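Asks: Everything in the sequence shown is counted per the numbering used here, starting at 2 for the first residue and increasing by one.
First the structure, which I've put down as structure tokens, then a few questions once you've had a look.
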Amino acid sequence: MAALLRAPKFLALLVTIACTCVPVSLALTRMTAISVNGGPFITNSTRLPPNTSPVTDVTSPNIACNVGGTTPAPAVTVISAGSNLTALWIPDTHVGPNIVYVAKVTGNILTTTNLQGLRWIKARIVDPTKGPTPGGWSAPLPNGEYSFLIPTRLACGQYFLRIESIGFHAASSIGGAQFFLSCVQIDITGGGGGYPVGTGILLPGGYTGTDPGIVFNPYTTPYPTSYPFPGGPTWPDGKRMFSSLY
Ligand SMILES: *[C@@H]1O[C@H](CO)[C@@H](O)[C@H](O)[C@H]1NC(C)=O
Ligand SMILES: *[C@@H]1O[C@H](CO)[C@@H](O)[C@H](O)[C@H]1NC(C)=O
């Protein structure tokens, strides 16, 4: 009887939680697959997170390759340097920046389970303040996709490609930024031999909760016109290099 009497309260609580969560969960996402030079999407080289929830603690080991990111995916996708890659986000990215990092792997990426000590080099960015409209903020993407060119200078070998979208809808306070990311196992062929050995950030380590690019309010009036990317310099030429975005 006591349990029955408590039940409505419990249900009411559930309903409250469900209602509170709806707008947030609609916005969750994950990077699921890549396409090379317009080919079919390949899913089996992505270390797929178990769900669409973000990482919010930049000091967590999950900031490297998300939850489950130490578990290898079954395949390595072979990619010629200079190829045009398309990342597929389901359902879509957020208001906020998009960043692609590469980290060279020593040994076989298919058996790499320890991500500590990898150096993550920021190679590609989408500047959220340079959208087609002021405050366009790079979301949503057309079909949840964006494309970028693998640097022709990148040395041959196996890499993690860390594809990240930072959700900024709550990022005006510390701990509010939401990090959506997946790591893809790739093998670069025909590369230009370039690699900035000894540079790049550690993850965790390279992001702090108070970075000006992590505590950031995208909703000011007028809209922000520049964005201080976290994660160190962009290699190899410091430019925004997405082929089809801003
Ligand atoms: C890269 O691929 C996308 C998707 O197929 C395409 O829209 C874009 O034009 C391509 N960019 C370049 C520079 O080839
Ligand atoms: C991975 O998927 C591709 C097609 O998307 C397929 O050609 C390849 O054989 C798969 N590799 C493994 C190890 O499952």
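Even glycine gets a Cβ: it sits at the ideal position worked out from N, Cα and C.
Please read these numbers as outputs of a predicted model, since none were measured by experiment.
1. Could you tell me whether any non-hydrogen atom of ligand 2 is closer than 8 Å to the CB of N45?
2. Give, in chain order, every unbroken run of the alpha helix (DSSP H) that is at least 4 residues long and sits entirely within the stretch 22-99.
3. Please indicate yes or no: does the CB of T310 lie closer than 8 Å to some heavy atom of ligand 1?
4. Run the CB neighbour count on T235, radius 10 Å, all protein chains shown included, and call it buried at 16 or more, exposed below.
5. Kindly indicate which residue of N109, C66, P98 has the alpha-carbon position closest to the one of Y147.
6. Is G110 helix, strand or coil when you go by DSSP?
7. So, helix, strand or coil for T235, using DSSP?
8. Determine the direct distance from the alpha carbon of P75 to that of Q159, and round the result to whole angstroms.
9. On a Cα-Cα basis, can you pick out the residue from A156, N115, G191, G176 that is closest to V59?
10. Here's a check: name, in chain order, each residue in its chain whose Cβ is nearer than 6 Å to the Cβ of T44, leaving out the five neighbours to either side.
11. Taking only heavy atoms of ligand 2 into account, decide whether any of them is closer than 8 Å to the Cβ of A76.
12. For G232 and I64, I'd like the C-alpha separation in whole angstroms.
Replies: Here's the rundown:
1. yes
2. 63-66
3. What is shown of the chain runs 2 to 247, which leaves residue 310 out entirely.
4. buried
5. P98
6. The question names Gly, but residue 110 is Ile in the sequence shown. In the structure shown, I110 sits in a helix (DSSP, three-state: H, G or I).
7. strand
8. 14 Å
9. G176
10. A34
11. yes
12. 12 Å
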